[in-house]
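Participant: This is the structure I have questions about; it appears just below.
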Amino acid sequence: MFNILAIVTVIAVVFVGFNLLSGAKGYAVTSPSMKDTLNVGDVVFVKTVDFDSLQVGDIVTVASSDKGKFFTHRVVEINKTDRTITTRGDANGVDDPMPTEAERIVGKVWYSVPLLGFITIGFSFVSGSVGLLILAGIAVVLVTVNCILTKSKKRRGESDE
Numbered sequence: 027m028f029n030i031l032a033i034v035t036v037i038a039v040v041f042v043g044f045n046l047l048s049g050a051k052g053y054a055v056t057s058p059s060m061k062d063t064l065n066v067g068d069v070v071f072v073k074t075v076d077f078d079s080l081q082v083g084d085i086v087t088v089a090s091s092d093k094g095k096f097f098t099h100r101v102v103e104i105n106k107t108d109r110t111i112t113t114r115g116d117a118n119g120v121d122d123p124m125p126t127e128a129e130r131i132v133g134k135v136w137y138s139v140p141l142l143g144f145i146t147i148g149f150s151f152v153s154g155s156v157g158l159l160i161l162a163g164i165a166v167v168l169v170t171v172n173c174i175l176t177k178s179k180k181r182r183g184e185s186d187e
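Structural data, given as structure tokens:
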């Protein structure tokens, strides 16, 4: 059990460190609007992108007009003059009602991890990256407690002889 927990902890720490160093931000998918491409419970990791490099077909995360809320949809149209994009969820039959200004584009989806979002949804009071850091911290604490208990048992076993 200790070895499995140690491996999970190392993987979590490396994963979080990799994303922090790369500048990627994680967002949990909470609606089925991108079903078959992204499912509820997935986490998308996005990196900032220059507006002029966007192409139709890219999947982007944008800040909604409601502060603090985000959604991830596919770019279906780009208006270079107005510096706006039109987006649509793959599972939606119509485009999103309002064009998105360049300033509201958080970034382009770099990669996604299935099911990881259910953990971050549980930590919905913090961002995905902070939630992963919290989980990694919990794992480190559990490994440390396990090490201390194991050493304590060994000492008691050695002193009884």
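Letter by letter, the sequence shown follows residues 27 to 187 in this note's numbering.
For each residue, glycine too, the CB sits at the ideal point set by N, CA and C.
As the structure is a prediction and not an experimental result, all values here were calculated from the model.
1. Using only CA atoms, which one of Asp78, Leu47 and Ile111 lies nearest to Ala89?
2. Looking at C-alpha atoms only, which residue of Tyr53, Pro58, Asn65 and Gln81 is the closest neighbour of Val72?
3. With distances taken from CA atoms, which of Thr126, Val102, Arg109 and Glu127 is nearest Gly115?
4. Thr98 by DSSP, collapsed to three states: which one?
5. Is it right to say Asp68 is buried, meaning 16 or more other beta carbons lie within 10 angstroms of its own, or is it exposed?
6. Can you tell me whether Asn29 is buried or exposed, with buried defined as 16 or more other CB within 10 angstroms of its CB?
7. With Val70 and Thr98 assumed to form a contact (beta carbons below 8 angstroms), what rounded beta-carbon distance in angstroms separates them?
8. Would you mind stating whether Val166 and Thr35 have Cβ atoms separated by less than 7 angstroms?
Facilitator: So, from the listed chains and residues:
1. Considering only alpha carbons, the answer is Ile111.
2. Taking the Cα of Val72 as reference, the smallest distance to any Cα among Tyr53, Pro58, Asn65 and Gln81 is reached at Tyr53.
3. Comparing Cα positions, the closest option is Val102.
4. Thr98 falls in the strand class under three-state DSSP.
5. Burial call: buried.
6. With fewer than 16 Cβ atoms within 10 Å of its Cβ, Asn29 is classed as exposed.
7. Going by Cβ atoms, the distance from Val70 to Thr98 rounds to 5 angstroms, so yes, they are a contact pair.
8. Against a cut-off of 7 angstroms, the Cβ pair of Thr35 and Val166 comes out as a contact.
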